[in-house]
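A.B. asks: Just so you know, the protein sequences line up as chains A and B, in that order. Taking the working numbering, I'd label the letters of the first sequence as residues -2 to 300. Taking the working numbering, I'd label the letters of the second sequence as residues -2 to 300.
Number of protein chains: 2
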Amino acid sequence: MSVDRLIEAIDEKQNPTVLGLDPQPDHIPPGILDTFVEERGKTLSALCGAYEAYITALIEAASDIVPAVKLQSACYEALGPEGMEVFRRGIQTARAHGLYVIADAKRGDIGSTSKAYSAAFLGRTEFAGVPLPVFDADALTVNPYLGSDNLNPFLQDCEKYGKMVFVLTKTSNPSAAEVQEQIVEGRPLYEVIADQVSASGRPLAGRYGYLNTGIVAGATQPEAIRQLRALHPELFFLVPGYGAQGGSASGLAAAFDRDGRGAVVNNSRGIGLAWKKTGKSLGDAAREAALAMRDDLRSIQYK
Amino acid sequence: MSVDRLIEAIDEKQNPTVLGLDPQPDHIPPGILDTFVEERGKTLSALCGAYEAYITALIEAASDIVPAVKLQSACYEALGPEGMEVFRRGIQTARAHGLYVIADAKRGDIGSTSKAYSAAFLGRTEFAGVPLPVFDADALTVNPYLGSDNLNPFLQDCEKYGKMVFVLTKTSNPSAAEVQEQIVEGRPLYEVIADQVSASGRPLAGRYGYLNTGIVAGATQPEAIRQLRALHPELFFLVPGYGAQGGSASGLAAAFDRDGRGAVVNNSRGIGLAWKKTGKSLGDAAREAALAMRDDLRSIQYK
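1. Under 7 Å between the Cβ atoms of B:V164 and B:V181?
2. Should A:P128 go down as buried or exposed, given a rule of 16 or more other Cβ atoms within 10 Å for buried?
3. Using beta carbons (cut-off 7 Å, strictly below), is B:L270 in contact with chain A?
4. Alpha carbon to alpha carbon, what distance is there between A:I107 and A:G144?
5. Taking the continuous beta strand (DSSP E) assigned at A:P130, which residues delimit it?
6. Pull up the distance between the alpha-carbon of A:Y114 and that of A:I99, whole angstroms please.
7. Counting only C-beta atoms, is A:K160 closer than 7 Å to chain B at any point?
8. Count the other C-beta atoms from every protein chain shown that fall within 10 angstroms of the C-beta of A:Q89, then say buried if there are 16 or more, exposed otherwise.
9. Taking only beta carbons into account, state which residues of the stretch 164 to 193 of chain B come closer than 9 Å to chain A, listed in chain order.
10. Can you check whether the C-beta of B:D106 is within less than 7 Å of a C-beta belonging to chain A?
11. Which residue comes first and which comes last in the beta strand (DSSP E) that contains B:E123?
12. I need the boundaries of the beta strand (DSSP E) containing B:Q69, first residue and last residue.
13. Can A:D1 and A:R204 be called in contact, C-beta distance under 7 Å?
14. Strictly below 8 Å CB to CB, what residues from chain B border A:K67?
15. Would you verify that the beta carbon of B:F124 is, or is not, closer than 7 Å to some beta carbon of chain A?
16. Going by the DSSP bridge assignment, what does B:A100 pair with across the sheet?
17. 7 Å is my cut-off, CB to CB: does B:Y48 come that close to chain A?
18. Under 7 Å between the Cβ atoms of B:L208 and B:E231?
19. Please go through the same chain and pick out, in chain order, the residues whose beta-carbon is closer than 7 Å to the beta-carbon of A:P13, but skip the five residues on each side of it.
20. Could you name the residues of the stretch 76 to 87 of chain A whose beta carbon sits closer than 9 Å to any beta carbon of chain B, in the order they occur along the chain?
21. Could you round the C-beta distance between B:A65 and B:L96 to whole angstroms and report it? I think they count as a contact, below 8 Å.
22. Nearest-angstrom Cα distance between B:L119 and B:L137?
23. Using beta carbons (cut-off 7 Å, strictly below), is A:P230 in contact with chain B?
24. Shortest alpha-carbon distance to B:T168 belongs to which of B:K103, B:R258, B:L288 and B:L279?
25. Using a Cβ-Cβ cut-off of 7 Å, state whether B:E74 counts as contacting chain A.
26. Do B:L68 and B:G87 have their beta-carbon atoms positioned less than 7 Å apart in this structure?
27. Assuming contact is defined by CB atoms lying nearer than 7 Å, are B:A191 and B:I222 in contact in what I supplied?
28. Hey, A:A282 and A:T275: beta-carbon distance below 7 Å or not?
29. In terms of alpha-carbon separation, which member of B:Q193, B:H24, B:Y299 and B:V194 lies closest to B:F253?
30. For B:K160, name the three-state secondary structure that DSSP assigns.
31. Can you list the residues of chain A that B:L152 reaches, using a CB-CB cut of under 7 Å?
32. Identify the contact partners of B:K39 in chain A, using a Cβ-Cβ distance below 9 Å as the criterion.
33. With B:G341 and B:G248 assumed to form a contact (beta carbons below 8 Å), what rounded beta-carbon distance in angstroms separates them?
34. Using a Cβ-Cβ cut-off of 7 Å, state whether A:T235 counts as contacting chain B.
35. Does B:G144 get closer than 7 Å to chain A when you measure Cβ to Cβ?
Listed below in C-alpha cells is the structure:
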C-alpha cells in the first residue's frame, strides 16, 4: 500500500513535511540563473537548466530531513516540453534520494482521458502489450468535478502499481468557498466530496487504517480540517497552505490522529525561498527552514 | 475578441465542428505505426512519431472543412516530455492551416499556480522581462472547483493575448451528475458554475454578444443544454460527446441561438477512427466523416 509507504517514511524521519518543488523564475538564486543565461540566453531552456539545478539543490539539502516532495506540474509545464523533462528527472532524482514523490497536477477528465493521465503520472502507457513508464510518481493530486468515472482509472493504477491519489476536497485558496462550500443537503459540498472519496471503496485500508485515496485539505481552514478528520478517520490528508498561505502548526493539530499520523504538510516557498530572507546559500537556508518546520510540526500536541 | 474569431471561423466554414485530436496507440493505422516501430522499437518515442504523423494527416484532411481543432492534453502527456513536444507542434501545425486551436487540459489550481498554467497554454512565461510563448493555443478548458482565484489569471491572459477559456460546467460523462447535479439552493451545481462564469465579468461580450469565457456543456445532456442556453444567452458552449459518447444533432439544437451561433461541437473518435470502420485511408475516411458531420449539423433547425 502506497499510503503505508508514505506513513512509514514520515515515521522514520519523525516529520510529516512535504517539500514543495514549485520553481518560478524569481525563486532561483541569481548565481544559478546567470550561469544558464550566459550559456543559453533568456530562453525557456535556460530556465529549465536553472530549475533543475535549483530543485536538485533543494532535494540534496533536505532529503535527510523530509520524507516526501511534491512537484507542482504547472511550474514545469510553463517551460514547455523541456520543462516536463525537468519534471520527469526531478521525480527520478527525488526517488533516488529515497523520497516519496507526489505529482501535484490536479488532473480530472472523463474516464478514457483519465486513463491517459493516470498512465502518465502513476501507471504505464501500454503499447502493443509493452507497459512503458512515463513520469511514474508515487502519488497524484486529482480533481473531483467529473465524478467517479474520472477517479476509477487512477484507482486501478493505484492497485496495480502501488500508488495513491489525493482528491481535491477543501483547498487552501481564498476563493475555495465559492464552489466547495456551496450547501448541499445542509452541509458543504467538500464534505460530499470527502464521502465520495471514502466510498470509492478500494484500495482497502492499509496497515495503519488509512485508504490509498486521500484528500487535499488546506491548512488555512482549521475548522474544516477538524470536521473532515472527525468524519473520516480513514482518509489521509495532504495539507497545503502552511507558511506562505497563512496556515500554522497549531491550526494543523486536528489533521492528525492520536498517534500523530494521518497527514502530510506541504511547504514550498517557506523552504525554497528561505535563501532570500536569510542571505545564506540556497542549500543552507533550505536546510535550516526544513529543520525549523520539522520542529514546529513536532511541537503539535496530538489529541 | 477570441470568441469572435472562433465564431467567424465557424461562419466561414458553415460548420460548428471541432476536430478532436486525441490519439491513442490503437487509433493509429498499422502502416503509420509500423514505420516508427521499425525505426525506434516499441517505445514512447515511436508512439510520438506515429501520433504526430496521425494528427498531421487528420489536420490536412479536414482543414478546409472544420474551423477548429481540440487537442486532448492527456493523450500527449501519456507519452511524456516528447509527447508534449508533439502537442506543441500539433498546435502550430493546426494554426498554420488556419484553424482555431483549443487546448483541452482542464487545468485548475490556486491563483499563483493557475498563472503558470495560463502562461503555458494561453499566455507567455515571463523571464526577466522577456515574454516567452510556450504552447500558445487560442483557448483552454478550465476546471471550476477552486473558484475565481483559479479563473482570474486565465482571464488576464485572455485579455492580454486575445484568448478564451471554456469552464467545465456540465460534462458529458456518465458520472458527471455525482458532483455537477448536487442541488444547491434548489438548482443543480452546474447552474451555479455557469452563473459564476458569466459573472466573472470580463472580458466583455464581443461583436456577437458572446463572452470570452465559455462553458463545456456535454451533448449527452440535451435538457441541461436547453436550460443553460435559456439562462445564459451570453455564454458560448463547447459541446463534447457527439457521436461516440451518444449525443446526436437533434439533441444539440438547443445549444445554438437563432442565428445558428453559440456552440462548437467536438468529434474525436468519429473522425479519427473512421478509417477502421470504412477500410479507406486515414485521410479519406476522416474527410468523409467530417463532411457527414458537417451535413448532420447543418440539418439542425435553429429556433
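Glycine included, each C-beta is placed from N, C-alpha and C at the ideal position. Note that the structure is predicted; figures quoted are calculated from it, not measured.
C.D. replies: In short, the structure shows the following:
1. In this structure, B:V181 does not lie closer than 7 Å to B:V164 by Cβ.
2. Exposed, since its Cβ has fewer than 16 Cβ neighbours within 10 Å.
3. No, B:L270 does not count as interfacial toward chain A.
4. Approximately 9 Å, taken between the alpha carbons.
5. Where A:P130 is concerned, the enclosing beta strand (DSSP E) stretches over V127 to P130.
6. A direct Cα-Cα distance of roughly 14 Å separates A:Y114 from A:I99.
7. With 7 Å as the cut-off, A:K160 does not count as an interface residue toward chain B.
8. A:Q89 should be labelled exposed.
9. Closer than 9 Å at the C-beta level to chain A, one finds these residues of the stretch 164 to 193 of chain B: L165, T168, S169, N170, P171, S172, A173, A174, E175, V176, Q177, Q179, I180, V181, E182, L186, V189, I190 and Q193.
10. Answer yes: the Cβ-Cβ gap between B:D106 and chain A drops below 7 Å somewhere.
11. Taken as a continuous stretch (DSSP letters only), the beta strand (DSSP E) holding B:E123 covers R121 to F124.
12. Element bounds for B:Q69: A65 to Q69.
13. Closer than 7 Å, so yes.
14. Chain B residues near A:K67: none, gap ~12 Å exceeds 8 Å.
15. At least one CB of chain A lies nearer than 7 Å to the CB of B:F124.
16. DSSP output for B:A100 lists B:L68 and B:L137 as bridge partner(s).
17. So no, B:Y48 is outside the interface.
18. Remark: C-beta atoms of B:L208 and B:E231 approach each other more closely than 7 Å.
19. Cβ neighbours of A:P13 beyond the five flanking positions: I7, A260, V261, V262 and L294.
20. From the stretch 76 to 87 of chain A, only L76, G77, P78, E79, G80, M81, E82, V83, F84 and R85 have a Cβ closer than 9 Å to chain B.
21. B:A65 to B:L96, Cβ: 6 Å. Contact.
22. So the two alpha carbons sit approximately 7 Å from each other.
23. False, the Cβ-Cβ gap to chain B never drops below 7 Å.
24. Of the residues B:K103, B:R258, B:L288 and B:L279, the one whose Cα lies closest to the Cα of B:T168 is B:K103.
25. A Cβ of chain A is located within less than 7 Å of the beta carbon of B:E74.
26. A contact, by the Cβ cut-off of 7 Å.
27. No, the Cβ-Cβ distance between B:A191 and B:I222 is not below 7 Å.
28. Going by C-beta atoms, A:A282 is nearer than 7 Å to A:T275.
29. The shortest Cα separation from B:F253 among B:Q193, B:H24, B:Y299 and B:V194 belongs to B:Y299.
30. B:K160 sits in coil when the DSSP states are folded into three classes, being neither helix nor strand.
31. Neighbours of B:L152 on chain A: none; closest Cβ ~13 Å, over 7 Å.
32. Neighbours of B:K39 on chain A, chain order: F124, A125, G126, V127 and L129.
33. Residue 341 of chain B cannot be examined here, being either before or after the span of chain B that is shown, -2 to 300.
34. The sequence shown places Leu at residue 235 of chain A, not Thr. No, A:L235 does not count as interfacial toward chain B.
35. It does: the Cβ of B:G144 has a partner Cβ on chain A nearer than 7 Å.
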